[in-house]
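Residue numbers (the numbering used here): -13 to 422.
Even for Gly, the Cβ is constructed at its ideal location relative to N, Cα and C.
Please read these numbers as outputs of a predicted model, since none were measured by experiment.
Written out as structure tokens, the structure is:
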């Protein structure tokens, strides 16, 4: 690919991985990133002198693509494995929820419910066949096999929290992949799950990729707002940025599917745009704060109450030592919501009030006055809706415009989007570019 001019739109891990691979072949790569920093959904900000992701991230033992990339980039020593712990909040009480013994002690389900729940979990962890589950709604499958009570207590709040008003349409194949990945993430001999996190945050991997891209002659341009993409003469692709047009031999759009649809000719590519727009995306709201107050002994907390404004509560410093954050505790509150939800127009103070008011229900000792810093992040396209018809919606890597390619997390199936699969998609699209 010597001297082939390639533009990559989007500086998330997929775009950066593709840029890294292609720049190593001798291609002239330019990455255009709309925001002021790299990493996409794993992009960071500074809290107490350390980079932290705007949305919570960690790595599973099964995440071989990203683990192998860290070794290749020689940053694997920065990836540390920490013992995880999980709590479940239901009916005004917080329960430990990791081991079979803890499940047996969970007093919100009867013995038969617990048995069925455990049996289903083992089956989904061991099963390799997800194709028979594609057309079945997860809500229906889980209610049938776990029982009405276990579904109502455990699975319905999680599906509603994750997919909001789309929850009854979500494919069981998606949920199978989540449980199967998680259930197989322990290494031999490990009694409890361990999760990976970088010393210095996920910025470590973005910066390592950036360094390698530039080392091989690539360019990275931040704050770049692409306005139009169209065919150029001689099979090239032309992109318009801030009124200026530039031509490239090949272009990779590593952006949400519907965003690409807004950048190409609406009349000429009407049917293709309709397919791109058939994929529904949810946004995410995260509240991140630091405090000298410790609230819990668990890292991850599933909030199984549909009245809660957030789905998950994380005490990040129960996974990663608080010495990394000037000995303060660091927390996340997070939820997924449709774009029209009131929180996307609400002020930060309104979001803080709702989230912190509910947090005090879980932890009555929670003291807002002990918060030392707090942030709200609104992420527009954080989760695609994997419904029972999703296999027919997945867009091809090649678009109707010659030499324009699409690579984003909507092409990941049945697995959910995540940093490991973002790296996998970057590897995949770079091979497609090299061997069309």
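CA-to-CA distance, residue j to residue i, given in whole angstroms
| i | j | result |
| --- | --- | --- |
| residue 156 | residue 8 | 35 Å |
| residue 324 | residue 306 | 31 Å |
| residue 172 | residue 335 | 40 Å |
| residue 419 | residue 161 | 32 Å |
| residue 422 | residue 150 | 39 Å |
| residue 181 | residue 62 | 14 Å |
| residue 40 | residue 269 | 13 Å |
| residue 145 | residue 125 | 8 Å |
| residue 221 | residue 89 | 60 Å |
| residue -11 | residue 6 | 15 Å |
| residue 3 | residue 196 | 9 Å |
| residue 13 | residue 20 | 22 Å |
| residue 359 | residue 29 | 19 Å |
| residue 194 | residue 322 | 30 Å |
| residue 91 | residue 103 | 13 Å |
| residue 302 | residue 179 | 16 Å |
| residue 98 | residue 272 | 37 Å |
| residue 55 | residue 64 | 12 Å |
Element boundaries [beta strand (DSSP E), containing residue i]
| i | result |
| --- | --- |
| residue 17 | 14 to 18 |
| residue 32 | 30 to 33 |
| residue 358 | 357 to 370 |
| residue 111 | Counting along the chain, residue 111 falls outside any beta strand (DSSP E), though it belongs to the alpha helix (DSSP H) covering 97 to 112. |
| residue 288 | 286 to 289 |
| residue 337 | From DSSP, residue 337 is part of no beta strand (DSSP E) but of the alpha helix (DSSP H) over 334 to 348. |
| residue 67 | 65 to 69 |
| residue 232 | 230 to 234 |
| residue 225 | 223 to 227 |
| residue 268 | 267 to 277 |
| residue 79 | 79 to 82 |
Cut-off 6 Å between Cβ atoms - residues of its own chain near residue i, not counting five sequence neighbours on either side
| i | result |
| --- | --- |
| residue 152 | 371 |
| residue 274 | 318, 361 |
| residue 119 | 158, 159, 162 |
| residue 407 | 398, 401 |
| residue 345 | 352 |
| residue 349 | 281 |
Among the options, the one whose alpha carbon lies nearest that of residue i
| i | options | result |
| --- | --- | --- |
| residue 22 | 206, 420, 200, 317 | 206 |
| residue 351 | 130, 323, 278 | 278 |
| residue 395 | 67, 420, 63, 240 | 240 |
| residue 379 | 259, 288, 99, 358 | 259 |
| residue 230 | 243, 238, 215 | 215 |
| residue 136 | 262, 33, 100, 58 | 100 |
| residue 383 | 294, 20, 405, 397 | 397 |
| residue 79 | 381, 355, 347, 410 | 347 |
| residue 295 | 327, 244, 313, -12 | 327 |
| residue 342 | 51, 320, 284 | 320 |
| residue 75 | 413, 288, 316 | 288 |
| residue 373 | 284, 122, 272, 322 | 122 |
| residue 38 | 247, 244, 165, 186 | 186 |
| residue 15 | 355, -5, 169, -9 | -9 |
| residue 311 | 198, 106, 35 | 35 |
| residue 184 | 81, 113, 60, 97 | 60 |
| residue 425 | 330, 110, 333 | With the chain running from -13 to 422 in the structure shown, residue 425 is simply not present. |
| residue 31 | 192, 108, -6, 81 | 192 |
| residue 243 | 148, 271, 255, 261 | 261 |
| residue 169 | 56, 308, 105, 198 | 105 |
| residue 198 | 355, 58, 329, 208 | 58 |
Proximal residues to residue i (C-beta, below 8 Å), its chain only, five neighbours per side dropped
| i | result |
| --- | --- |
| residue 218 | 224, 233 |
| residue 227 | 18, 210, 211, 212, 213 |
| residue 391 | 236, 237, 238, 239, 383, 384, 385, 415, 418, 419 |
Presumed contact (8 Å Cβ cut-off) between residue i and residue j, rounded CB distance
| i | j | result |
| --- | --- | --- |
| residue 337 | residue 362 | 5 Å |
| residue 282 | residue -2 | Not a contact, Cβ separation roughly 31 Å. |
| residue 43 | residue 405 | 6 Å |
| residue 189 | residue 412 | About 17 Å; that fails the 8 Å criterion. |
| residue 51 | residue 403 | At roughly 13 Å, the Cβ-Cβ gap does not stay under 8 Å, so residue 51 and residue 403 are not in contact. |
| residue 33 | residue 316 | 7 Å |
| residue 266 | residue 247 | In fact, because the Cβ distance is near 13 Å, the residues do not count as touching under 8 Å. |
| residue 304 | residue 285 | 4 Å |
Endpoints, alpha helix (DSSP H) assigned at residue i
| i | result |
| --- | --- |
| residue 199 | 189 to 201 |
| residue 405 | 405 to 420 |
| residue 243 | 243 to 249 |
| residue 6 | -1 to 10 |
| residue 90 | 86 to 91 |
| residue 159 | 158 to 169 |
| residue 182 | Unbroken run through residue 182 is the beta strand (DSSP E), 180 to 184; no alpha helix (DSSP H). |
| residue 258 | 256 to 263 |
Proximal residues to residue i (C-beta, below 7 Å), its chain only, five neighbours per side dropped
| i | result |
| --- | --- |
| residue 27 | -2, 41, 365, 368 |
| residue 116 | 159, 162, 163, 400 |
| residue 10 | 202 |
| residue 167 | 46, 48, 401 |
| residue 154 | 123, 125 |
| residue 143 | 290, 291, 292 |
| residue 139 | 76, 94, 95, 290 |
Minimum Cβ-Cβ distance from residue i to chain D less than 7 Å
| i | result |
| --- | --- |
| residue 173 | Absent here is chain D; the protein component of the structure consists of one chain. |
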